[in-house]
Every structure is written in structure tokens, then in C-alpha cells.
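Student: Please find one structure pasted underneath; my questions will follow.
Chains as they are written, first to last, in the numbering used here: chain A, 13 to 467; chain B, 417 to 852.
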């Protein structure tokens with residue numbers, strides 16, 4: 013049968029996605045253990061999430077949470093750092109650790125036949141890190157060196173400066189890596205205390221996923237973590253005492269990089285928390301505005317104007333209101349034009365050019381039809397499950413995602429655009445060559461640009 | 417461990433590979449064209465990649481952009497160009513497989529009628545911005561260009577990077593696009609791999625219907641390169657950049673992809689610099705603290721490979737110290753080879769890396785891409801097991817031998833990247849090179 017190139021083929025019915033079953037248990041010490049069977053490949057992974065991240069850094073110690081998590085694989089239990097990594101290598105292990113504002117995640121994947129060993133090594137890293145002085149000094153030095161190198165990386169400069177502008181002294185106002193001054197002063201005692209008082213079973217979850225039964229996965233975790241008895245009282249984190257993010261008065265800031273080939277842009281303000289009832293509407297808004305290739309922002313700045321390799325927006329959903337940011341790296345000569353277009357798009361979707369029925373249909377479809385992709389690997393499923401735990405989302409969260417997205421209508425998108433994008437609060441940051449950019453800045457009508465120095 | 421597949425070659429020469437995996441209701445569509453920056457010539461660099469961009473701008477029967485219908489169908493999609501090949505992929509929900517094949521076949525067969533000056537000029541600007549973002553405005557961003565230019569003679573197509581020279585990208589013309597498309601974007605120069613929630617018969621039937629009607633075209637010309645002149649004396653270069661910490665690159669020529677000694681050198685790189693227990697991490701970063709980071713890799717390509725070690729100096733430490741320590745580590749390796757521990761660890765890691773690659777059906781990597789790589793580079797999509805065997809067969813003696821044969825000091829190129837105005841921080845005797 014010859015094919016018809018006169019029209020695109022119909023899609024047919026969406027396939028049925030079977031959501032992975034998560035079995036939930038809690039050990040006597042309060043540690044939650046979730047297990048997920050996934051037998052596609054002979055691998056297992058153990059994801060440990062601590063619901064403490066960089067926002068728990070003391071005011072004068074940005075970087076404490078991150079360096080503490082960095083010390084976990086510098087030797088633990090009976091093993092020094094080299095012995096530990098040798099042991100990880102022998103089980104085909106992949107160790108990954110990351111820290112955000114609200115959480116710290118350590119993941120170890122290994123060949124399935126080594127699951128008991130992998131779980132034991134994870135437990136040793138979490139519960140019994142050695143925290144030796146020599147290792148601490150080396151790790152601190154490496155992090156200080158990293159800070160030095162980031163001085164030349166435009167996206168890193170922009171991210172650091174932007175969260176500071178948006179959040180000031182608020183716990184979200186710094187990057188997990190911290191600052192030179194803070195790292196210089198940090199002591200091993202502070203790290204030990206942070207570990208003792210923050211790493212407690214009651215604020216942790218272990219998600220074991222992979223090629224083994226629920227019972228076998230749970231047994232591996234229980235065998236390794238079951239005897240853990242925390243030594244100290246957990247230090248409480250009371251988010252209700254956090255200051256409000258500052259009201260932004262400046263609208264425009266520039267960080268001068270002489271000779272920069274592009275201007276690194278950040279435009280945004282404080283957004284919404286993960287728990288907002290408007291979550292699904294905001295996700296739909298974002299995918300239309302700047303969340304994928306065919307979004308308004310990218311089609312305008314890249315595909316129409318050729319100003320950039322790509323432009324995106326995102327709501328960074330956190331326990332507290334996270335940033336809403338547009339980011340793009342644009343050719344220096346068109347910086348001001350690019351900012352004008354970006355600001356226009358951010359304003360237009362609130363009313364002057366509200367989302368169309370066609371955009372809404374396409375945006376919702378992209379989200380819901382693309383949803384199964386998030387459940388392919390054990391790692392993806394574990395990460396999804398960790399989000400449920402961190403943000404205390406309902407057990408049926410996965411299965412209700414699609415109907416909730418499909419229920420978002422034009423009115424809802426326009427309402428959340430008006431509510432969560434505030435043109436009077438949008439702050440524009442340029443990291444680029446001031447000499448090339450400055451002459452055209454008055455055209456933006458954003459007032460005088462404040463000059464930043466790198467943090 | 418394996419990737420079971422079926423292969424069916426259409427009359428026009430297009431290879432269709434199908435692998436069934438029904439675990440998740442998605443299918444990966446992965447299409448390789450056997451063309452990359454190695455098919456370019458000096459003065460016309462960057463063209464294969466610029467062309468890849470134009471493939472996303474619409475084709476005759478759907479000329480409203482490539483992304484719109486696919487993203488709306490829930491697809492994730494992208495493409496990439498390297499020296500040897502260009503690939504395009506979509507990961508779609510099961511019910512959008514036919515749409516993806518419609519779109520891919522339309523741009524394979526009918527790209528040119530939809531091509532306009534406006535699209536071309538727009539994407540040329542986008543690519544120039546990609547170059548600014550990923551090379552010009554990035555610390556150490558020019559190091560790769562300097563290294564490749566030093567390693568290969570001027571006319572050798574590996575002497576430039578796939579992104580190409582900015583002036584060449586600016587000089588590209590629409591007519592070049594037409595000629596390039598007609599020469600290389602032919603079914604017989606392509607390999608289509610479908611992996612995921614699909615029935616093999618149905619997949620081959622659909623592929624035949626959508627791609628079977630496209631003209632085979634002529635076989636594209638091969639790439640002619642003359643043998644590399646033997647290097648008998650170490651070379652030292654320096655590059656100034658907007659950076660804080662000096663970095664040293666050491667590079668040697670090495671075997672082509674899947675050639676003899678390729679797997680051994682992969683594991684030599686692993687033992688030298690992968691993970692904290694590796695020799696170089698341990699001595700340079702962990703014990704001596706003279707480097708902030710260290711990496712080594714065997715980068716194998718069709719016309720030849722290169723083996724690279726890269727280290728960044730800790731504040732107050734010198735590239736001379738780094739060069740000395742790395743040289744010493746290689747001398748030791750050549751003298752004594754890896755110990756039993758190291759062999760066990762790097763082979764376990766190699767096996768695990770093969771399994772990790774089987775986790776996804778597609779995207780950048782995944783099973784569909786792997787099948788195409790094997791099909792295009794060795795003509796056998798089922799090469800997986802033999803590939804893994806290459807690593808299982810490695811011995812201490814064979815690793816020691818390849819290190820001796822390939823990593824000789826007189827055959828290396830050393831590039832010092834130093835902060836602007838600080839040529840004194842480069843290795844002694846380094847020649848300045850200019851890259852832009």
C-alpha cells in the first residue's frame with residue numbers, strides 16, 4: 013500500500029502505561045524503604061535521599077551540606093577512601109551524588125548479583141563515613157579550586173549571581189557549593205556535627221530498584237541499615253522561620269566579562285513551591301512558554317531571530333517557592349533585542365497574547381504522551397519515587413498526572429500566567445561584555461543597570 | 417547479554433534493524449547517515465553539522481518545522497554530528513512510531529523542495545551561536561581545536577573539529593546544501609534502527625512502506641587520506657585562554673574504532689585515570705594534590721583514534737610537575753603493566769558499562785544507537801557479544817604491550833593552556849598556536 017504524504021498519519025489510541033508498583037515499608041529506626049522490581053537489565057540501584065539540602069546551611073556557612081555529602085565516599089566503616097572505591101569498582105558500581113536546595117541524593121548502581129554488597133557499602137557511606145582530617149582538607153581544597161575555575165564559566169557566574177539577587181540572605185540565596193570565604197573557614201567539626209544531627213533515619217528514604225524481588229531488595233536494605241541507631245537528636249529544620257525573599261527593586265543587573273562572545277541571560281523572579289495546587293497548570297504554562305523546543309520563547313529567539321542556540325524557561329519547584337527563570341546565551345551584539353523579545357513573550361502570555369486552544373492542546377499532549385518515557389529505567393523510576401517522598405505527594409501521583417494535566421484549560425493557564433509571572437518583579441541579569449551591551453540598554457526602560465562583581 | 421535483532425535491507429540499500437523490548441510503551445527510532453565532518457574539506461569545515469540543523473526545518477510534505485508534530489505526539493528527539501556520522505533520533509510512545517517514520521522518511525527523500533534562503537540564514541546564525549556558547553565563550557573551549565590541528569596534517573579531515581571554523585560557516589552557500597544532500601543523504605548511506613515496544617514484522621513493513629520508495633542514489637565517494645607522517649619528536653604547544661588554572665593536554669595517535677589494540681587502550685585509560693583508585697587520580701589528585709582533576713580516554717574513530725590525558729594544575733603547581741608525574745605513571749605502566757587487582761576492577765567496570773548501555777532503547781546512546789554503530793562501523797549489528805569479548809580477552813601483558821607501542825614520549829603532542837599573558841606557565845619550549 014502506497015503511503016499518503018498528503019497528511020500526517022493518525023496516532024491511534026495512546027498506549028497503556030503500567031505504573032511500577034512501589035512497596036513501602038518502614039524500619040524500626042524510622043528509615044523508610046521503598047522497593048521497585050525492574051528486571052529489564054541485570055542491575056540494581058540503591059538511592060538514598062536525605063531531605064536536607066543546601067538550604068540547611070547555616071547563614072555563615074554556605075557549602076556545609078554539600079561538602080558533608082562530598083565526604084561520604086572518602087572512606088567509611090572499615091574502608092579508607094581507596095579501599096572503598098576499589099570495592100565499588102569490583103561490583104561494577106556507579107556512584108552518583110547530588111545536592112539541591114532541599115535534598116541530598118546518593119545513588120549506587122551495581123550488577124544485580126552484588127546487591128547485598130552494594131547495599132552494605134551505601135549504608136557504610138551514609139551511616140559510618142570516616143570524616144578524616146586529611147581527606148577533609150583535600151576535599152575542601154578541591155572545592156575551593158572548583159570555585160576558582162567557575163569564575164570563567166559564564167553560566168555558573170550567572171546562576172550564582174541570579175539566586176543571590178532573587179533571594180538575598182534567604183536559604184535559597186546561594187549555590188550548594190558555597191563561597192570561598194565560607195569554605196576557607198569551615199572545620200571538620202562542623203562537618204561531623206552536620207552529619208550527626210542531619211543524617212538521621214527519620215528524614216531519609218532508601219529506594220531500592222532493579223532486577224530482584226521486593227523482598228530481596230528490602231532484605232538487602234534492612235540487612236545494611238536495620239541496626240542503625242542515630243547517636244544524636246536530629247536538628248530540626250523549621251522552614252516557617254525562613255525570611256521572605258526580598259522585594260526586588262532593581263530590574264537590571266550586569267556582570268561585566270570583557271571580550272565575552274555572548275551574553276549569558278537570566279530573567280525571572282521567585283516562583284511557586286512544589287506543593288502549589290497550581291502545579292499542573294504551571295507545568296502546562298511552562299511547556300507552552302519556554303519548556304520545549306517548539307515553545308514560544310525558543311521559536312522566537314532561536315528559530316525566528318537566530319539570536320541564540322536555545323532559550324528555555326523553567327519553574328524550579330521546591331519545598332519553598334523556587335525560582336522561575338528564563339535562560340539563554342545570546343550573541344553579544346543582539347543582547348538588548350533578545351531581552352526585549354524575551355520580556356515581551358513573558359508579558360504577552362499573561363493576556364495580550366494568551367495561549368490559544370491549539371497551543372494548549374499541543375502542550376498538554378506533549379506532557380501526557382511523553383509521560384511513559386519517565387518510567388523506562390530503574391534509575392528514572394527511583395528518581396520519580398524520590399520526588400513523591402520529598403514533596404509528600406500522594407501515592408497515586410503518577411496515575412493522576414495525565415488526567416490532571418488534561419483538565420488544565422485556557423482559563424487556568426492564563427490565570428497562573430497572571431498570578432505567577434509578574435512583569436514588575438522580573439529581574440534581568442546580563443553576564444557579558446558591558447562595552448558591547450551598555451549603549452543599547454536604555455532602550456529596555458528598566459532603569460540604570462546595577463553593576464555586579466563576581467561573588 | 418545481547419541485543420537480539422532482525423536486519424532487513426530494502427531494495428534501495430537502506431538497512432532496517434529491529435529490536436523488540438516491550439517493557440515500556442515507547443519505541444526508539446534511530447537513523448544514522450554515514451557522513452560527518454570527515455567528509456568535509458579544508459575551507460568548507462562545519463558543513464555536515466550545519467546541514468544537520470537544516471534537517472529540522474521542515475521537508476516538502478510537512479513544512480512547518482520538524483519538532484511540532486513529534487513533540488505533540490510525546491516524542492523526545494534530537495540529532496548529532498561527529499567526525500564519522502550524523503544521527504537523528506526520536507523516542508516516541510508506541511502509537512507514534514508511524515508518525516516518526518513518516519517524518520524521517522520525508523526529510524530523507526524530500527528535504528530540498530522545502531529549503532529556503534531564510535531557513536538557511538537563520539540556522540547559520542544559530543550554529544554560530546552554538547559555536548560561541550560551546551567553544552568561544554567556554555573555558556578551555558579552543559583546546560580541542562588546537563590539539564586536532566596539531567595532531568593531523570592540514571588536509572586531513574580530523575584536523576578540524578566538527579563545529580568547523582566560523583569563517584567557513586559564514587561562507588557556506590545554499591547550493592552546497594543541495595549537493596551535500598544529494599551525495600550523502602541516500603538510503604544506501606543510512607541505517608535505520610527501531611528498538612522498543614514494536615513487533616518486528618510490523619516495524620519492517622512500516623519501514624519498507626515509508627522508505628522503500630526513496631531512490632537509492634549513487635554510492636557516496638569514500639574519504640581519501642594519505643598515511644600520517646610518522647612523528648619522531650615530541651611536540652609542545654601553548655594556547656592562551658580566559659582561565660584561572662593552567663591545564664595540560666597530552667595526546668597520541670591511537671588505533672581506529674574496533675581495531676586491534678583499541679579495547680586494550682580503553683582499559684589502559686581506565687586504569688590510569690578512571691575513578692579515585694586509578695593511578696593518576698591517586699598520585700596527582702589524592703596524594704600529591706598537584707592536580708584538581710585528571711582524565712584519560714581512548715577516542716577511537718573510523719580513520720584513526722587518539723589517546724588523551726588531561727590534567728588541570730592546582731593553584732601554585734606547575735604543568736611541568738604534571739607532565740613529569742603523568743610521564744612517570746606511563747613509564748611505570750609500560751615497565752610493569754597492570755596488577756591483578758587493576759585487571760579485575762577494570763574488567764568488572766567494562767562489563768558493567770556494557771549493561772548500563774542496555775538500559776534505554778534510544779536517545780543519545782541506548783540500544784538502537786548501539787545497533788546502528790555496530791552496523792555502520794563493522795557491518796554487523798550483532799557485534800555486541802564480540803565487542804564485549806574484546807574486553808574480556810584483555811590481559812596484563814596485552815595492556816602493557818599497547819601502552820609501550822602507542823604511548824611513546826617521542827610521539828606525543830603536549831598542549832599547555834595557560835591564562836592570558838602567562839606564557840611563562842606553559843611547558844618549556846612550547847610554541848604558541850592561534851585558534852579562534
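Cβ coordinates follow ideal geometry from the N, Cα and C atoms, glycine included.
Mind reading off the beta-carbon distance from residue 321/A to residue 484/B? Whole number of angstroms is fine, and I expect it under 8 Å.
Tutor: One-based indexing of the first chain puts residue 321/A at position 309. One-based indexing of the second chain puts residue 484/B at position 68. About 19 Å separates the two Cβ atoms, so there is no contact after all.
Student: Thinking C-beta only, is residue 195/A closer than 7 Å to residue 154/A?
Tutor: The sequence position of residue 154/A within the first chain is 142, counting from 1. The sequence position of residue 195/A within the first chain is 183, counting from 1. Taking a C-beta distance under 7 Å as the contact criterion, residue 154/A and residue 195/A do not qualify as a contact pair.
Student: Let me know the secondary structure DSSP gives residue 576/B once reduced to three states.
Tutor: Within the second chain, the letter at position 160 stands for residue 576/B. Here residue 576/B sits in coil by DSSP.
Student: Note down the Cα distance separating residue 598/B from residue 482/B, rounded to an integer number of angstroms.
Tutor: The residue given as residue 598/B occupies position 182 in the second chain. The residue given as residue 482/B occupies position 66 in the second chain. Rounded to the nearest angstrom, the two C-alpha atoms are 20 Å apart.
Student: Can you name, in chain order, every residue of its own chain whose Cβ lies under 6 Å from the Cβ of residue 827/B, other than the five neighbours on each side?
Tutor: Translated into the one-based positions of the second chain, residue 827/B becomes position 411. Only residues of its own chain outside the window of five on either side were considered, and among them 647 and 668 have a CB closer than 6 Å to the CB of residue 827/B, listed in chain order.
Student: Tell me which same chain residues have a C-beta within less than 6 Å of the C-beta of residue 737/B, skipping the five on either side of it?
Tutor: Here the question's residue 737/B lines up with position 321 in the second chain. Within the same chain, residue 737/B has close Cβ partners 706.
Student: Can you tell me which of 209/A, 32/A, 399/A and 16/A puts its alpha carbon nearest to the alpha carbon of residue 117/A?
Tutor: Residue numbering aside, residue 117/A sits at position 105 when the first chain is read from its first letter. Nearest of 209/A, 32/A, 399/A and 16/A to residue 117/A, Cα basis: 399/A.
Student: For residue 279/A, list the residues DSSP reports as bridge partners.
Tutor: Within the first chain, the letter at position 267 stands for residue 279/A. 338/A and 440/A, per the DSSP bridge assignment.
Student: Is there a Cβ from chain B that is less than 7 Å from the Cβ of residue 374/A?
Tutor: For the purposes of this step, residue 374/A is identified with residue 362 of the first chain, where counting begins at 1. True, the Cβ-Cβ gap to chain B drops below 7 Å.
Student: Could you spell out the range, first to last residue, of the beta strand (DSSP E) harbouring residue 506/B?
Tutor: The count along the second chain starts at 1 and reaches residue 506/B at position 90. DSSP places residue 506/B inside the beta strand (DSSP E), whose first and last residues are 502 to 509.
Student: Here's a check: name, in chain order, each residue in its chain whose Cβ is nearer than 6 Å to the Cβ of residue 392/A, leaving out the five neighbours to either side.
Tutor: Here residue 392/A is taken as the residue at index 380 of the first chain, counted from 1. Result list for residue 392/A: 386, in chain order.
Student: Shorter than 7 Å from the beta carbon of residue 581/B to some beta carbon of chain A?
Tutor: Residue mapping note: residue 581/B aligns to position 165 of the second chain, counting from 1. It does not; no Cβ of chain A falls within 7 Å.
Student: Residues of chain A with a CB under 7 Å from the CB of residue 427/B: which are they?
Tutor: Position 11 of the second chain, counting from 1, holds the residue named residue 427/B. Those do not exist, as residue 427/B stays about 15 Å from chain A at its closest Cβ, beyond 7 Å.
Student: Closer than 7 Å by beta-carbon distance: list the chain A residues that pair up with residue 518/B, in chain order.
Tutor: For the purposes of this step, residue 518/B is taken as the residue at position 102 of the second chain. Ordered by position in chain A, the residues that pass the 7 Å Cβ test against residue 518/B are 20 and 21.
Student: Using 8 Å for Cβ pairs, my map puts residue 497/B next to residue 578/B. What's the rounded Cβ distance?
Tutor: As a first step, residue 497/B must be located in the second chain, where it is residue number 81. As a first step, residue 578/B must be located in the second chain, where it is residue number 162. That belief holds up - the Cβ atoms of residue 497/B and residue 578/B are roughly 5 Å apart, short of 8 Å.
Student: Which residues, taken in chain order from the region 153 to 171 of chain A, show a beta carbon closer than 8 Å to some beta carbon of chain B?
Tutor: Per Cβ criterion, the list reads 153, 154, 157, 158, 160, 161, 163, 164, 165 and 166.
Student: Smallest Cα separation from residue 347/A: which of 164/A, 453/A, 34/A and 104/A?
Tutor: Walking along the first chain from the start, residue 347/A turns up at place 335. Ranking the options by Cα distance to residue 347/A, first place goes to 453/A.
Student: Sorted by chain position, which residues of the same chain lie with C-beta nearer than 8 Å to residue 440/A's C-beta, five sequence neighbours on each side aside?
Tutor: On the first chain, residue 440/A is found 428 positions in, with the first residue counted as 1. Result list for residue 440/A: 263, 264, 265, 277, 278, 279, 351, 355, 456 and 458, in chain order.
Student: Give every residue of the same chain whose Cβ lies closer than 6 Å to the Cβ of residue 475/B, excluding the five residues on either side of it in the sequence, and list them in chain order.
Tutor: Looking up residue 475/B in the second chain gives position 59. Shown here for residue 475/B: same chain residues with a beta carbon closer than 6 Å to its own, the five before and five after excluded, namely 522, 523, 526, 527 and 530 in chain order.
Student: In terms of residues, what are the limits of the beta strand (DSSP E) holding residue 835/B?
Tutor: Position 419 of the second chain, counting from 1, holds the residue named residue 835/B. In the DSSP assignment, residue 835/B falls within the beta strand (DSSP E) that extends over 829 to 835.
Student: Beta-carbon separation of residue 135/A and residue 122/A under 7 Å?
Tutor: Residue 135/A sits at position 123 when you count from the first residue of the first chain. Residue 122/A sits at position 110 when you count from the first residue of the first chain. Contact: no.
Student: List the residues that DSSP assigns as beta-bridge partners of residue 92/A.
Tutor: In the first chain, the residue the question calls residue 92/A occupies position 80. The beta-bridge partner set that DSSP reports for residue 92/A consists of 87/A.
Student: Can you name the residues of chain B whose CB is closer than 8 Å to the CB of residue 94/A?
Tutor: Counted from its first residue, the first chain places residue 94/A at position 82. Simply 692, 693, 698 and 702.
Student: From the DSSP output, in three-state form, read off residue 110/A for me.
Tutor: Along the first chain, one-based indexing puts residue 110/A at 98. Correct three-state label for residue 110/A: strand.
Student: Taking DSSP as the reference, what is the three-state secondary structure of residue 322/A?
Tutor: Residue numbering aside, residue 322/A sits at position 310 when the first chain is read from its first letter. Correct three-state label for residue 322/A: strand.
Student: Please report the straight-line C-alpha distance between residue 718/B and residue 764/B, rounded to a whole angstrom.
Tutor: To locate residue 718/B, count along the second chain from 1; it is residue 302. To locate residue 764/B, count along the second chain from 1; it is residue 348. Rounded to whole angstroms, residue 718/B to residue 764/B spans 27 Å at the Cα level.
Student: Name the chain A residues that come within less than 8 Å of residue 492/B, Cβ to Cβ?
Tutor: The residue labelled residue 492/B in the question sits at position 76 within the second chain. Ordered by position in chain A, the residues that pass the 8 Å Cβ test against residue 492/B are 382 and 385.
Student: Considering only C-alpha positions, which residue in the set 436/B, 431/B, 462/B and 459/B is nearest to residue 449/B?
Tutor: By 1-based counting over the second chain, the position of residue 449/B is 33. It is 431/B whose Cα lies nearest to the Cα of residue 449/B.
Student: Kindly indicate if chain A contains any beta-carbon less than 7 Å away from that of residue 477/B.
Tutor: Counting from 1 along the second chain, the entry for residue 477/B is found at position 61. At a cut-off of 7 Å between beta carbons, residue 477/B contacts chain A.
Student: Taking only the alpha-carbon atoms, compute the straight-line gap between residue 361/A and residue 408/A and give it to the nearest angstrom.
Tutor: Counting from 1 along the first chain, the entry for residue 361/A is found at position 349. Counting from 1 along the first chain, the entry for residue 408/A is found at position 396. Using only the alpha carbons, I get a separation of about 32 Å.
Student: Between residue 452/B and residue 499/B, which are expected to be in contact by the criterion C-beta below 8 Å, what is the C-beta distance as a whole number of angstroms?
Tutor: Counting from 1 along the second chain, the entry for residue 452/B is found at position 36. Counting from 1 along the second chain, the entry for residue 499/B is found at position 83. Right, the Cβ-Cβ distance comes to about 5 Å (below 8 Å), so this counts as a contact.
Student: Closer than 9 Å by beta-carbon distance: list the chain B residues that pair up with residue 341/A, in chain order.
Tutor: The sequence position of residue 341/A within the first chain is 329, counting from 1. In chain order: 545, 548, 549 and 553.
Student: Starting from the beta carbon of residue 389/A, find every residue of chain B whose beta carbon is closer than 8 Å, and list them in chain order.
Tutor: One-based indexing of the first chain puts residue 389/A at position 377. Neighbours of residue 389/A on chain B, chain order: 775 and 776.
Student: Within a Cβ cutoff of 6 Å, which residues of the same chain sit near residue 188/A, ignoring the five residues on either side of it in sequence?
Tutor: Stepping through the first chain from its first residue, residue 188/A is reached at position 176. Once the five neighbours on either side are set aside, the close Cβ partners of residue 188/A are 66, 78 and 111.
Student: Nearest CA to the CA of residue 564/B: which residue from 556/B, 576/B and 557/B?
Tutor: In the second chain, the residue the question calls residue 564/B occupies position 148. Checking every option, the nearest Cα to that of residue 564/B belongs to 576/B.
Student: Tell me which same chain residues have a C-beta within less than 8 Å of the C-beta of residue 324/A, skipping the five on either side of it?
Tutor: Position 312 of the first chain, counted from the first residue, corresponds to residue 324/A. Only 302, 303, 307, 309, 310, 338, 339 and 340 meet the Cβ criterion.
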